[in-house]
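Participant: I have a structure here, written as structure tokens, and I will follow up with some questions on it.
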Amino acid sequence: MKEASSEDNVAFRGAVHNQCLCPGSSAGPAEAFGVRWQAQRDTALGARGARGEPSCPPNAVSPLRLAVAFQILAVALLVGCSKESNEAKEAKEGGAAEKSAEAPSHVKRGTNGQVVITLDAGTQKIMGLQTASLEAAHLSPEVKGYGHVLDVSPLTSLVTDVTAARAASQASQAELKRVKALAAQNNASERALQTAEANAARDQAQAESARLRLLAGWGSVIAGRDDLPAFIEALGSLSNALVQIDLPAGEPLPALPTGARLVTLADGAQPTGAQLLGPAPAVDPQMQGRSLLFLVSPNPLRLAPGAAVTAYLTLPGEGQAGVTLPRNAIVRFNGTTWVYRQISEDSFERIEVTLNSPLDNGWFVHEGLKPADKVVATGAQQLLSDELKEQLGE
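According to the working numbering, the sequence shown is numbered sequentially starting from 36.
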């Protein structure tokens, strides 16, 4: 059988390329592999059929079959990927649901909207939670004020001036007395007597001026002390501290306080006692309220000049009933103070509290808690962290 000529092969391949494989061809896939391709194939292979040769080689793969095969493969890949993605999603959702079913949330909302955490005894032990029973407390009426520790350097200078002026006055008085005695015996001139009198008067005036400056600057409660040198020495060594407390303008003060408890910014949870000395000689230009002087003696916090303090002035009268809240039981969240109160063996509720006044062993709380209530005293911060993690879904 006669083989097809090279011209026939070229004609057939060119026709297929131009009608179906060329990017610039305007014919669509159906047209390219449909009627036109069939007509051109018959034209190209007509001569071979006329010569008795096979119209198509046994191993030949038509472009139409290739295109269809590629399309089937692409569809299969897309279906497979979509199925795998859906299966992975379902597996993930199923795993999350299974995990949620295995570990149900132990953070709930109570009937009043408060947060309630439920923990079994084993979990409480692992977390190291310990509770404390609240004790009853009574607090006298108080007024809150603000102030600072005074610098005693100006006081030291004034006291030095007073001491020197008094010594000079005493010396000039003694000299005047001596000159007068000599003048009485005609052993001193009139001019010497006049000079001694002038010096004595001058020194006495200077001593009085120094005393008045001391009185104006520090008031009679300081200037009139008999132990002023020892008082200043104790202040300079920080054994004691002198504090001026200013009340806000319009703050009523029905009676002078019997004492005060002071706290600092550095150690706001630990108060120290102070005794009232009396009214301050000047008011704070910003506060424009009453000003009082207090003495901290001894000075366990080593309050230094310039330290800012908050004062709780104790007033006479009937006080308030409340509880003493341990400091370790307090947690702070969103600018608010909270405690975890135990409501059952395995349940704790987070409640908001107002810290009315610092005490030596905690904070005085007037409302929200009552004596014998149990609160988490150890591990409260860890309990808050665990609650927030669960709320965030971690």
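Glycine residues also receive a C-beta, built at the ideal position from the N, C-alpha and C atoms.
1) Assuming I386 and R376 form a contact by the criterion Cβ under 8 Å, report the distance between their Cβ atoms to the nearest whole angstrom.
2) Is it buried or exposed for Q165, if we count other Cβ within 10 angstroms and need 16 for buried?
3) Grab the span of the beta strand (DSSP E) containing E177 for me, first residue to last.
4) Whole angstroms are fine: how far does the CA of Y347 sit from the CA of L419?
5) Compute every distance between the C-beta of N275 and the non-hydrogen atoms of the ligand ATP, then say whether any falls below 7 Å.
6) Taking G157 as part of the alpha helix (DSSP H), name the residues at either end of that continuous run.
7) According to the Cβ coordinates, are V187 and L270 closer than 8 Å?
8) My assumption, with CB atoms under 8 Å, is that P406 sits in contact with L169. Please give the rounded CB distance.
9) Alpha carbon to alpha carbon, what distance is there between I107 and P93?
10) What's the gap between the Cα of T413 and the Cα of G252?
11) So the candidates are W373, F368, K409, T359; which of them puts its Cα closest to the Cα of D381?
12) Which value, in whole angstroms, describes the spacing of the CA atoms of I257 and P393?
13) Report the three-state DSSP secondary structure of G324 (helix, strand or coil).
14) Quick one: is G59 buried, meaning 16 or more other Cβ sit within 10 Å of its Cβ, or exposed?
15) Please specify which runs of the alpha helix (DSSP H), each continuous and at least 4 residues long, are wholly inside the region 234-310, giving them in chain order.
16) May I ask you to report which of helix, strand or coil DSSP gives G407?
17) In chain order, what residues of the same chain lie with their CB nearer than 8 Å to the CB of S204, ignoring the 5 residues before and after it?
18) Return the residue from the list Q149, A295, G354, E353 that minimises the CA-CA distance to S332.
19) What are the start and end residues of the alpha helix (DSSP H) that includes Q358?
20) Alpha carbon to alpha carbon, how far is S349 from R201?
21) So what's A315 in DSSP terms, helix, strand or just coil?
22) For Q426, count neighbouring Cβ atoms within 10 angstroms of its own Cβ and tell me buried if that reaches 16, exposed if not.
23) What are the start and end residues of the alpha helix (DSSP H) that includes S192?
24) Near V388, which residues of its chain fall below 6 Å by C-beta distance, leaving aside the five closest residues on each side in sequence?
25) Judging by CA-CA distance, which residue of Q416, L185, P340 is the nearest neighbour of N363?
26) Would you mind reading off the limits of the alpha helix (DSSP H) that contains A415?
27) Work out the CA separation of A343 and L423 for me, nearest whole Å.
28) Taking buried to mean at least 16 other C-beta atoms within 10 Å of its own C-beta, is P335 buried or exposed?
29) Are the CB atoms of G182 and V278 nearer to each other than 8 Å?
30) Note down, in chain order, each residue of its chain lying with its Cβ closer than 8 Å to the Cβ of R325, except the 5 sequence neighbours on either side.
31) Does the beta-carbon of L291 have 16 or more other beta-carbons within 10 angstroms, so that it is buried, or is it exposed?
32) Does DSSP put T389 in a helix, a strand or coil?
33) Among V184, G397, A309, S379, whose alpha-carbon lies nearest the alpha-carbon of I152?
34) Run through the DSSP bridge pairs and tell me what R144 is partnered with.
35) Whose C-beta lies closer than 7 Å to the C-beta of N147 among residues of the same chain, with five residues either side of it excluded?
36) Just the C-alpha distance for V194 and A167, rounded to the nearest angstrom, thanks.
Facilitator: Reading off the structure:
1) 6 Å
2) The residue in question, Q165, is exposed, as its Cβ has fewer than 16 Cβ neighbours within 10 Å.
3) 177-184
4) 31 Å
5) No copy of the ligand ATP appears in this structure; indeed no ligand is present at all.
6) 156-162
7) In this structure, L270 lies closer than 8 Å to V187 by Cβ.
8) 6 Å
9) Below a pLDDT of 50, predicted positions are generally treated as unreliable, and P93, at 48, falls in that range; no measurement from the model is reported.
10) 50 Å
11) K409
12) 29 Å
13) coil
14) With a pLDDT of only 42 at G59, under 50, the local geometry of the prediction cannot be trusted, and the value read off the model is given with reservation. Counting Cβ neighbours within 10 Å, G59 comes out exposed, since fewer than 16 surround it.
15) Fully enclosed alpha helix (DSSP H) runs of 4 or longer: 255-258, 263-271.
16) For the sequence presented, residue 407 should be read as Ala rather than Gly. Secondary structure of A407 (DSSP, three-state): coil.
17) A235, D238, Q239, Q241, A242
18) A295
19) Checking the sequence shown, residue 358 turns out to be Val, not Gln. Boundaries around V358 are those of the beta strand (DSSP E), 355-360, since no alpha helix (DSSP H) includes it.
20) Sequence inspection shows Thr at residue 349; the Ser mentioned does not correspond to that position. The alpha-carbon atoms of T349 and R201 are separated by roughly 40 Å.
21) coil
22) exposed
23) 188-219
24) T372, V374, V400, G403
25) Q416
26) Element bounds for A415: 415-426.
27) 35 Å
28) exposed
29) yes
30) D281, L282, E286, L288, P314, V318, listed in sequence order.
31) exposed
32) coil
33) Selected option, being the one with the closest Cα: S379.
34) V150
35) None.
36) 53 Å
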